[in-house]
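Numbering (the working numbering), first residue to last: 859 to 992. Some notes on the structure that comes next.
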């Protein structure tokens with residue numbers, strides 16, 4: 859916001875989506891990170907394979923392509939991916955694009971919340987066993 863103000867660019871109304879995108883990204887990233895951390899403690903191969911998996915997951919989110927290339931029949935399911943919805947919300951907020959439909963954004967928020975709670979629960983349940991793993 860400070861950069862926009864310094865450069866004299868008028869703020870756009872779609873900036874209200876920025877906190878939603880940040881929250882969604884934090885929830886999904888923390889949840890997935892906690893799950894991977896717990897799995898890596900018991901299965902060391904997880905650490906080796908995570909780079910390849912993350913590379914493939916990059917194509918499951920609209921990082922290098924716009925959502926408009928996804929068929930309309932699959933778009934809501936596609937945007938259920940918390941990172942896809944977060945990236946599209948960043949585009950809408952910062953570039954003044956079309957906001958993510960509320961049904962897809964709600965579904966992505968639920969998926970991100972489930973991922974966050976699942977990761978936290980897995981880490982808490984495995985906490986004592988994680989101290990014993992070497």
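Ideal Cβ positions, reconstructed from N, Cα and C, are used throughout, including at glycine. None of these values were measured; they are calculated from a predicted model.
With contacts defined by Cβ atoms closer than 7 angstroms, residue 951 and residue 863 do not form a contacting pair. Shown here, residue 865 sits in coil according to DSSP, grouped into three states, outside any helix or strand. Along the segment 875-956, the alpha helix (DSSP H) occurs as fully enclosed runs of 4 or more residues at 876-900, 903-916, 933-937 and 940-953, listed in sequence order. Between residue 918 and residue 971, the beta carbon gap of about 19 angstroms keeps them out of contact (Cβ cut-off 8 angstroms). In this structure, the alpha-carbon of residue 916 lies about 16 angstroms from that of residue 882.
If you draw a straight line from the Cα of residue 954 to the Cα of residue 899, it comes to about 43 angstroms. Straight-line measurement puts the Cα of residue 975 at about 12 angstroms from the Cα of residue 983.
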